[in-house]
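Worksheet: the structure to be examined is printed underneath.
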Amino acid sequence: MKSFPGYPESMWPSLEMVEKTRPKRVELAKQGLINFLKPMSLEEREDVLSKYHPDYQPDAEKEIHVGPNKGEKLTAKVVELLESHARIKPEEVDLSNPDFDVDVLVIGGGGAGSQAAIWAMKEGADSIVLATKLRIGDANSMMSQGGMQAAVNPHDSPVIHYLDIIGGGHFANKPELVKVLASEAPFIAKFLMELGVMWDRDETGHLQTKPGGGTSRRRMLSARDYTGAEIMRVLRDEVKNHPDKITLLEYSPAIELLTDEEGRVAGAILMQTETGEFIVVRAKSTVITTGGFGRLHIKGFPTTNHYGATADGLVLAYRVGARLRDMDTVQFHPTGAVFPEQVWGFLITEKVRGLGGQPVNKNGELFVYPLEPRDVEAASFIRECAKGLGVTTPTGKVGVWLDSPVIEELSGPGTIEKQLPAMLRQFHRFGIDIRKTPMLVYPTLHYQNGGIEINERTETNVPNLFVGGEASGGVHGKNRLMGNSVLDYNVFGRRAGIFAARNAKKNNIGKKLTLQHVEKWEKELKEAGIETKRISPILFPDYRNKEILKKHRNEFDPFIGFALTGWQE
Amino acid sequence: MAEKEVLNEEEKEPQAKMIPVFIMGQKYEVPEGSTILNAIEYAGYQLKKGVGCREGFCGACATVYRLPGDYKLRGGLACQTVVQPGMYLTQIPFTPAQKAIYDIDEVKPDISTFQKFYPEVFRCLGCNACTKVCPQELKVMDYIQAIMRGDIELAADLSFDCIMCGLCTMRCPAEMAQYNIALLARRLYGKYMMPKPEFVYKRIEEIEQGKYEKEFEEIMSLSKEELEKRYTERDINFDIT
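As they're listed, the protein sequences go chains A and B.
According to our numbering, the first sequence is numbered sequentially starting from 35.
According to our numbering, the second sequence is numbered sequentially starting from 627.
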C-alpha cells in the first residue's frame, strides 16, 4: 500500500482513492467544472439546509423572555448568554468622577474598532478612547485569510455585488446596508492601499481577483493568504501613529455601558483584566466593535474564532435596550480542519476552493459544487458524512477531503506556496504537505450573521450608540458570503467612526452618569422568573480541564469561569 | 462528533499518555500531543494574556522553552508548538519594543526613512539569532540586511508572513524591533512602490458620479419573487480577471 506522510495508516486507502480519481477531476476542472456539476437551485439549497444545517435542528433556537427582542426565537446559547446578570451592581462603582471624558469611546480593537478610531479622528473628534479586551489587533479580523470582496473588474459592478450578497443572505438583508457595503468596497480597497496594504496585484497594478462561494464574478482581493493579518497590522500601526488623539487601553474590556438620566448611552465601565480595576469612561458617542460569538461553541462545534469572540458587545447593547436581528442563524464555515487533532476546528480558507481545490468523499468522488454559499456547502458536507461517505480519524472524528493538490495540477507547481503560505505552513508543522495530500475538513463555527441592528449611519435604536462589524446585524441577512466580513468591518467600522464623531459634536448627553438600565434589567429578569447564577459578558471562554477544576475552590461554570469569579459575589 | 460537548477544546481520549512539563517553573502532567497552549489550560490556567487567535495568525502567544539536557533556548507559538516531555517554558505575552510614530503620507520609500525612524537597524551584527528563533521560519536577518541596503521590495517580500510575535526582538543583540521595522518597509512598498491599480480609481469615480444609482433604484424596487428570479438567473462568469 502507498503511504501518505502525516496521516495514520487507517486513512491511507481513502487517500489512495482520492489520488486515483484526481486526474479525471482535474480534466473536468480544466473544461470548467460548472459544465459538469451545476450549482444547486434555490429548492435544492432549501432541502439540504433544512435537513442538515445545524440552525435548522429543533433545539437550535429558543425564546428570549427579556429585553427588546422579548418573545422572539434566537440561537439557544445566545439566549442563555443574554438572560444573565450584569457583572457589577450599580452601587459598586463611583460614577461621579470619570477617569476619561471623551468625544468617542470605541469598544473593541479589531478591524472595525481601528477603522472607527481612525475615521472619528479624521472627522474631527479630538479625544478618542479605544478600549480592547486583549491587545489591539487580537481579533477575528487578524485571522481572515481568503480576502475582501470589491467589484474592481470592468465586467463587474456594485449592483452585481449587491445581488450576490442579498441572494447569499436569503433575501433577508437590509437592502440599504447592502447597497452601502457594495458601493464603498472599491473606495476601501483604495484607502487601505494608500495606508500601505500590499494587495496582490499583477505587473500592471491591476488588483488580482478570485472567485468565492456565492459570487458571480471574480471579486476577491487578497494579500497572499494573510489578507486579514495584512490589513489588521497596517490599521493597528495607523492607530498607534496618533497617540495625541487616540488613547489605546488594552486588556480593558467594557463590562457595562453607562447612560445619562434619559437613558441615552454615555460611555462605559471598563475593567482591567489583570487587576480588576474599574475604569469609568464618559463619552458623547459610544461605538461597539466587539465582533462575534464563536467562542460560545454553539451546539458544541469547534470554532475558527479568536479567543476573545464571546459576544460581549451584544450583551452590553441588549441590556441597554438595543434591538438585535437575524440572531437565529449561525455561520458554519464548511472547511474547518479535522486532522490532525491539534488543528481541530481551525479555518481552512475558502481560497483553497477559489483556486480550484475540490471537496471529495471517502471514495474520491466530487459530491457538491465547490463554491456554493457557505451554509449550503457546509450542509452538504454534513449530509455526505451522514450518508456514511465521510472519512473517520483515529479519534473518531469525521470529515470529507478537500483536495488541494488539484490546485497545482491546474495552475502549476509553486501556486500553493505563493497563494497559500499560511495553510502550507500550518499543515507542514504536523508533517502534512498539502501540495501532495488533501486536508480533512468538516464545518466549524465561524461567524455571527446577525447582531445589533444598525442603519446606514451605524446608529442603533438607542441614542449615542453605534455599532460596526460582526457585532452588527442586517448587513448579511441570514448568511454571509466569503470576503464580505473583511469588507463589512472596514466599511461600517469607518462609518461608525464618522457618524460617532458627528454625533459627538451635538453633545447629546446629560451631566450625570447612571447604571439605571442595570437596575431595570435585574427587575425584568426577576419578573420573567429567570433564576440563574450566570453573569455576562463572559469575556473569556474556559478550557481548563474539568477534572482538575474539581480540586479548585470554585465550581466549574462555562459561562463564568474561575479566573473571573473573584469579582462576583 | 461535532455534536458532542467541546467546552474543553483539547478533550483527549481517556487513555492519552501523560507527560511532565514545567509551566513557568511549576511541574504539571499534561496529555501527550497537546499544544503548549492546550497544556497550560489543561493544567488549570484561564489565560487573560498570552493568548489570541489560537491558529498561528496573531502572534499573541510567543513562548520560550528549553528541553532537558539541551543548552539551546527555543522559541515558538504556544498554539502551534506541541509539548515534549520535560519541556520547561515561559510565555512572553508582551515585548517591550520601539515603535516609531510617523505620517505615512510624508515619508519617503527609501533608506533615509529608516535612518531617521529606526537608526538601530544599522547596528545589526549579522548573528542570525532572529532568523533562528522565528516561529514563521522567516529569514529575519536577511530582510534586515535588505533594509540596510535600501532594498525595500525584498524586505517587504521576505517579511510578509510576519505575525509580529516579538521573539526576534527579544533575542536581538543589536536591540532592534525587527517586526516594527519590517512593517514600515511593507507599508512603504504597498503604498509607494507597487504599481497602481488604475481601474479602481475609475470605478470609484463612476460610483461617486452616481453611475449605478439608477440600477440600484431598479433592483431595490423589485419584489422578493422578482429578486429571487433575478438572482437565480444571474450570469456567473469567472473567465475575465
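In this text, a Cβ means the ideal position worked out from N, Cα and C, and glycines have one as well.
Is the Cβ of Met644 of chain B closer than 8 Å to any Cβ of chain A? Not one chain A Cβ lies under 8 Å of Met644 of chain B.
Those residues which DSSP pairs with Asn863 of chain B across a bridge: Answer is A:Arg251, bridged to Asn863 of chain B.
Please check the pair Val324 of chain A and Asp346 of chain A, which I expect to be a contact at CB under 8 Å, by giving their CB distance rounded to whole angstroms. First, the amino acid is wrong: residue 324 of chain A is Thr here, not Val. Indeed they touch by this definition, with Cβ atoms about 5 Å apart.
Flag Pro823 of chain B as yes if its beta-carbon sits less than 8 Å from any beta-carbon of chain A, otherwise no. Yes, Pro823 of chain B lies at the interface with chain A (some Cβ there is under 8 Å from its Cβ).
To the nearest angstrom, how far is it from the Cα of Leu515 of chain A to the Cα of Ala120 of chain A? Going from the Cα of Leu515 of chain A to the Cα of Ala120 of chain A covers about 34 Å.
Under the three-state DSSP convention, the category Val136 of chain A falls into: DSSP places Val136 of chain A in strand when its eight states are reduced to three.
Using only alpha-carbon positions, find the residue among A:Glu384, A:Met473, A:Glu504 that is nearest to Glu411 of chain A. The shortest Cα separation from Glu411 of chain A among A:Glu384, A:Met473, A:Glu504 belongs to A:Glu384.
Would you say Ile466 of chain A lies against chain B (beta-carbon separation less than 8 Å)? It does not; no Cβ of chain B falls within 8 Å.
DSSP three-state assignment for Gln365 of chain A, whether helix, strand or coil: DSSP places Gln365 of chain A in the strand class (E or B) of the three-state scheme.
Going by DSSP, what residue range makes up the alpha helix (DSSP H) through Met227 of chain A? Met227 of chain A -> alpha helix (DSSP H) spans 209-229.
Nearest to Pro15 of chain A by CA position, among A:Ala184, A:Lys96, A:Glu558, A:Glu284, is which residue? Because residue 15 of chain A is not part of the residues shown, which for chain A are 35 to 603, the question remains open.
Have a look at A:Gly508, A:Leu423, A:Leu389 and flag the residue whose alpha-carbon is nearest the alpha-carbon of Ile450 of chain A. Minimum Cα distance to Ile450 of chain A is reached at A:Leu389.
In chain order, what residues of the same chain have a beta carbon less than 6 Å from the beta carbon of Ser191 of chain A, not counting five sequence neighbours either side? Counting only Cβ-Cβ distances below 6 Å, and skipping sequence neighbours, we find Ala185.
Do Val231 of chain A and Glu264 of chain A come within 8 Å of each other at the CB atom, strictly closer than that value? Yes, Cβ-Cβ distance for Glu264 of chain A and Val231 of chain A is below 8 Å.
Using a Cβ-Cβ cut-off of 8 Å, state whether Thr238 of chain A counts as contacting chain B. Flagged as an interface residue toward chain B: Thr238 of chain A, by a C-beta distance shorter than 8 Å.
Looking at chain A, which residues of the segment 693-710 of chain B have a Cβ within less than 7 Å of any of its Cβ atoms? For chain A, the residues of the segment 693-710 of chain B that bring a beta carbon within less than 7 Å of one of its beta carbons are Gln706, Val708, in chain order.
What runs of the alpha helix (DSSP H), each 4 residues or longer, lie entirely inside the segment 696-767 of chain B? Counting only runs of 4 or more, we get 737-743, 755-759.
Which of the residues in the segment 664-693 of chain B, read from start to end, lie with their CB under 8 Å from any CB of chain A? Listed by position along the chain: Asn664, Glu667, Tyr668, Ala669, Gly670, Tyr671, Gln672, Leu673, Lys674, Lys675, Val677, Gly678, Cys679, Arg680, Glu681, Gly682, Phe683, Cys684, Ala686.
Pairs of beta-carbons, one from the segment 456-467 of chain A and one from the segment 350-370 of chain A, closer than 8 Å: are there three or more? Below 8 Å, too few C-beta pairs join the segment 456-467 of chain A and the segment 350-370 of chain A to call them touching: fewer than three.
Quick one: Cα of Phe205 of chain A to Cα of Ile564 of chain A, how far? Between the alpha carbons of Phe205 of chain A and Ile564 of chain A lies a distance of about 35 Å.
Bridge partners of Ala691 of chain B, per DSSP? Reading off the sequence shown, one finds Tyr at residue 691 of chain B, where the question assumed Ala. Note: Tyr691 of chain B sits in a beta bridge opposite B:Arg700, B:Leu715.
Check the Cβ-Cβ distances between Thr716 of chain B and every residue of chain A, and say whether any is below 8 Å. Chain A, which has no Cβ nearer than 8 Å to the Cβ of Thr716 of chain B, makes this no.
In whole angstroms, what separates the C-alpha of Asn537 of chain A from that of Leu330 of chain A? Approximately 33 Å between the Cα atoms of the pair.
Segment contact, 8 Å Cβ cut-off, at least three pairs: the segment 223-238 of chain A with the segment 815-824 of chain B: At 8 Å Cβ cutoff, the stretches touch.
Identify the residues that DSSP records as bridge partners of Lys96 of chain A: which are they? Per DSSP, A:Leu108.
Tell me which residues share the same chain as Lys397 of chain A and place their Cβ nearer than 6 Å to its Cβ, disregarding the 5 neighbours each side in the sequence. As written in the sequence, residue 397 of chain A is Asn, which differs from the Lys given in the question. So the qualifying residues of the chain are Met51.
Measuring alpha carbon to alpha carbon, tell me which residue in A:Asp160, A:Gln65, A:Ala154, A:Gly142 is nearest Thr166 of chain A. The residue with the shortest Cα to Cα distance from Thr166 of chain A is A:Gly142.
With burial defined as no fewer than 16 other Cβ atoms inside 10 Å of the residue's Cβ, what is the status of Pro88 of chain A: buried or exposed? Result: buried.
Within its chain, find whatever has a CB closer than 8 Å to the CB of Gly118 of chain A; leave out the 5 residues flanking it on each side and keep chain order. With the sequence shown as reference, residue 118 of chain A is identified as Ser, and Gly is not the correct amino acid for it. Take Ser118 of chain A, set aside five residues on each side of it, and the residues of its chain with a beta-carbon closer than 8 Å to its own are Val349, Thr566, Arg568, Ile569, Ser570, Phe593, in chain order.
Is the beta carbon of Cys760 of chain B less than 8 Å from the beta carbon of Leu793 of chain B? Yes, these two residues count as a Cβ contact at 8 Å.
By the criterion of Cβ-Cβ separation under 8 Å, what are the contact partners of Glu859 of chain B in chain A? Going along chain A, no residue has its Cβ under 8 Å from Glu859 of chain B, so there is no contact; the nearest lies around 10 Å.
Helix or strand or just coil, what does DSSP make of Lys580 of chain A? Three-state DSSP puts Lys580 of chain A in a helix.
Does Phe70 of chain A pass the burial test, meaning 16 or more other C-beta atoms within 10 Å, or should it be called exposed? Exposed, since its Cβ has fewer than 16 Cβ neighbours within 10 Å.
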